[in-house]
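Read in my numbering, the sequence shown has 63 at position 57, and its numbers run on one by one without any break.
Virtual Cβ for every residue (Gly too), placed ideally from N, Cα, C.
A quick note: this is a predicted structure, and the numbers were derived from the prediction, not measured.
Have a look at the structure below, then the notes.
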Amino acid sequence: MAVSPRDRVLTTLFHKEPDEVPKYIRFIPEMKVKVFEKIGTDNYEDYFGIEIRRVGFKPVKKLPDIPSNWNV
Numbered sequence: 007m008a009v010s011p012r013d014r015v016l017t018t019l020f021h022k023e024p025d026e027v028p029k030y031i032r033f034i035p036e037m038k039v040k041v042f043e044k045i046g047t048d049n050y051e052d053y054f055g056i057e058i059r060r061v062g063f064k065p066v067k068k069l070p071d072i073p074s075n076w077n078v
């Protein structure tokens with residue numbers, strides 16, 4: 007029976023041994039373009055069998071800089 011990517015990640019998060027280590031990959035923008043050209047698709051997660059996906063959002067507006075109390 008095949009283990010789903012979700013179950014593989016959850017098994018790892020619960021400190022148990024999965025059938026294989028969940029994988030995650032992230033590219034810098036320049037490298038992403040080269041990889042997409044080389045593999046012929048922009049769906050690199052499925053192409054490389056990546057189990058961990060990143061979810062997020064872009065801020066609606068730029069937040070002001072917070073002054074440092076340590077002069078850094």
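Please name the residue, chosen from the options, that lies closest to residue i on a Cα-to-Cα basis.
| i | options | result |
| --- | --- | --- |
| Asp87 | Arg32, Gly62 and Phe63 | With the chain running from 7 to 78 in the structure shown, residue 87 is simply not present. |
| Leu19 | Glu36, Lys40, Phe42 and Ile58 | Ile58 |
| Ala89 | Asp25, Pro65 and Gly46 | This structure cannot speak to residue 89, because the chain is shown only from 7 to 78. |
| Arg14 | Ser74, Pro35, Gly55 and Val39 | Gly55 |
| Asp52 | Lys68, Tyr30, Thr17 and Leu16 | Tyr30 |
For a test of the three-state rule: what should DSSP assign to residue i, helix, strand or coil?
| i | result |
| --- | --- |
| Asp48 | coil |
| Val15 | helix |
| Pro35 | helix |
| Val61 | coil |
| Glu92 | Nothing about residue 92 can be read from this structure; the chain reaches only from 7 to 78. |
Have a look at residue i and residue j and give me their C-alpha separation to the nearest angstrom.
| i | j | result |
| --- | --- | --- |
| Ser10 | Val27 | 12 Å |
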